[in-house]
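One structure is given here, and the rest of the page talks about it.
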Amino acid sequence: MRLSLFDLHCDTAYEMHRQRQPLKENTLAVSLQKAAAFDRYVQVMAHWTEPSLSDEKGWQAFCAMLENLKNDPSVKHPSPNAPTLLLSVEDARILCGIPERVDVLYSHGVRILTPLWKGETCIGGSHDTDLGLTEFGRKALSRAAELGMILDISHASEKASEEIFEISAKSERPVIASHSNAFALCPVSRNLRKWQIDKLLSCDGVIGINLHRYFLTEDGNATIDHILSHIEYFLENGAEDHLALGCDMDGCDLPTDIPDLSKLPLLAKALQKANYSEELINKIFYQNAYSFAQKYLREEIDTSTSFL
Numbered sequence: 001m002r003l004s005l006f007d008l009h010c011d012t013a014y015e016m017h018r019q020r021q022p023l024k025e026n027t028l029a030v031s032l033q034k035a036a037a038f039d040r041y042v043q044v045m046a047h048w049t050e051p052s053l054s055d056e057k058g059w060q061a062f063c064a065m066l067e068n069l070k071n072d073p074s075v076k077h078p079s080p081n082a083p084t085l086l087l088s089v090e091d092a093r094i095l096c097g098i099p100e101r102v103d104v105l106y107s108h109g110v111r112i113l114t115p116l117w118k119g120e121t122c123i124g125g126s127h128d129t130d131l132g133l134t135e136f137g138r139k140a141l142s143r144a145a146e147l148g149m150i151l152d153i154s155h156a157s158e159k160a161s162e163e164i165f166e167i168s169a170k171s172e173r174p175v176i177a178s179h180s181n182a183f184a185l186c187p188v189s190r191n192l193r194k195w196q197i198d199k200l201l202s203c204d205g206v207i208g209i210n211l212h213r214y215f216l217t218e219d220g221n222a223t224i225d226h227i228l229s230h231i232e233y234f235l236e237n238g239a240e241d242h243l244a245l246g247c248d249m250d251g252c253d254l255p256t257d258i259p260d261l262s263k264l265p266l267l268a269k270a271l272q273k274a275n276y277s278e279e280l281i282n283k284i285f286y287q288n289a290y291s292f293a294q295k296y297l298r299e300e301i302d303t304s305t306s307f308l
């Protein structure tokens, strides 16, 4: 079958900058060469900063990472069949308590905001805490939703998730979980509880399956079969039109049978073998996320081959 891919999360922009590697061809998990397996390719490029950096140093690192991506030859001079690249920020602590920076992110093309990553920050509590959002966090995320950004509960605590849903609802915007799996199958704090799944579906959000071995199974001995188990769980809970991929490549420990983007079609073959229809496979790999973006990020999807 012919495959297209819309991936909701990778950390390749970070590794490109850190390792000084280009997007076209590299030793990373994601490259344009590895993406050649797909007819159409849309990639959300997350911008994550080292937690060892202060919030302000993190902001500076984000700016440098973004500049590096924009100046990459394949991005600066795209070919006719270039992929569509969308920008996200992972860990909004880099706002440093400065509300005006939300508008700066938007002006730079950031359209998806993953507010939290780990621990307690100026935004609020991450998945490893019981904390909600701070006053600044609520103000910053309200402004982000008002501008039209999509808020992402991946990495958020349950309490912070509740508040993110409330903030987005006030701006009549959906919420996503760009790269999270099912807590019922792998009970780690980063995975989604049933109530979160229900809320994501009811607000017209999407859920991206994460390929991190330790979010697929607690012992980390994950294979394609474990990915299929999480997919099946979400489908059983009504996510047929809301399930996508958020592979987390270049930001996680991948299963040995899918070491990089070029091997992702093996997941499609496994789904075919498990009697999934081509239509449903296409929904998971591409159409659900694309339809979501068409509805809520239409300008970015329709008007260019990249975020530039």
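In our numbering, the protein residues as written are 1 to 308.
The beta-carbon is built from N, C-alpha and C at its ideal position, and this holds for glycine as well.
Note that the structure is predicted; figures quoted are calculated from it, not measured.
What do you get for residue i, buried or exposed, if any count of 16 or more other CB atoms within 10 angstroms of its CB means buried?
i: Gly124; result: buried
i: Leu308; result: For Leu308, the predicted model reports a pLDDT of 44, less than 50, meaning its position is unreliable and no value from the coordinates is stated.
i: Gly238; result: exposed
i: Asp241; result: exposed
i: Asn81; result: exposed
i: Pro99; result: exposed
i: Met1; result: exposed
i: Trp117; result: buried
i: Gln33; result: exposed
i: Ala270; result: buried
i: Asp39; result: exposed
i: Gln43; result: buried
i: Asp198; result: exposed
i: Ala36; result: exposed
i: Glu322; result: The displayed coordinates of the chain run from 1 to 308. Any statement about residue 322 would go beyond what the structure contains.
i: Arg298; result: exposed
i: Ser54; result: exposed
i: Lys283; result: buried
Could you check the C-alpha separation between residue i and residue j for me, to the nearest Å?
i: Thr27; j: Leu201; result: 37 Å
i: Thr305; j: Pro78; result: Confidence at Thr305 is low in this model, with a pLDDT of 46, below 50, so its placement is unreliable and the value that follows should be read with caution. Cα-Cα distance, rounded: 8 Å.
i: Ser52; j: Glu278; result: 44 Å
i: Gly119; j: His127; result: 7 Å
i: Gly246; j: Ala182; result: 13 Å
i: Thr12; j: Lys273; result: 30 Å
i: Gln196; j: Arg101; result: 28 Å
i: His47; j: Tyr296; result: 21 Å
i: Val89; j: Pro115; result: 8 Å
i: Leu192; j: Glu158; result: 9 Å
i: Arg20; j: Met65; result: 10 Å
i: Arg213; j: Arg143; result: 35 Å
i: Lys139; j: Glu162; result: 15 Å
i: Ser4; j: Glu300; result: 18 Å
i: Val30; j: Ile281; result: 21 Å
i: His17; j: Gln294; result: 30 Å
i: Glu67; j: His108; result: 10 Å
i: Pro83; j: Tyr276; result: 27 Å
Assuming contact is defined by CB atoms lying nearer than 8 Å, are residue i and residue j in contact in what I supplied?
i: Ala160; j: Leu131; result: yes
i: Leu23; j: Asp72; result: yes
i: Met249; j: Asp257; result: no
i: Phe234; j: Cys203; result: no
i: Gly208; j: Ala177; result: yes
i: Cys186; j: Glu236; result: no
i: Ile227; j: Leu216; result: yes
i: Leu211; j: Leu266; result: no
i: Cys10; j: Gly205; result: no
i: Arg190; j: Ser180; result: yes
i: Thr49; j: Asp91; result: yes
i: Ala289; j: Leu8; result: yes
List the whole-angstrom C-beta distance separating residue i from residue j, where the pair is believed to meet the contact cut-off of C-beta under 8 Å.
i: Val104; j: Leu87; result: With a Cβ gap of about 13 Å, Val104 and Leu87 do not count as contacting.
i: Leu85; j: Met149; result: Contact flag wrong, Cβ pair sits at about 16 Å.
i: Phe292; j: Ala268; result: Contact doesn't hold; Cβ gap of about 20 Å is too wide.
i: Glu146; j: Ser171; result: 5 Å
Looking at chain D, is there any beta carbon in it that lies within less than 8 Å of the beta carbon of residue i?
i: Leu87; result: Absent from the structure is chain D; it holds one protein chain and no more.
Exercise. Is the stretch 150 to 162 touching the stretch 215 to 235, taking contact as three or more C-beta pairs under 8 Å?
Worked result: Contact fails between the stretch 150 to 162 and the stretch 215 to 235, because fewer than three Cβ pairs, one in each stretch, are under 8 Å apart.
For this session: Please confirm if the stretch 53 to 66 is in contact with the stretch 81 to 96, defined as three or more CB-CB distances below 8 Å between the two stretches.
Result: yes
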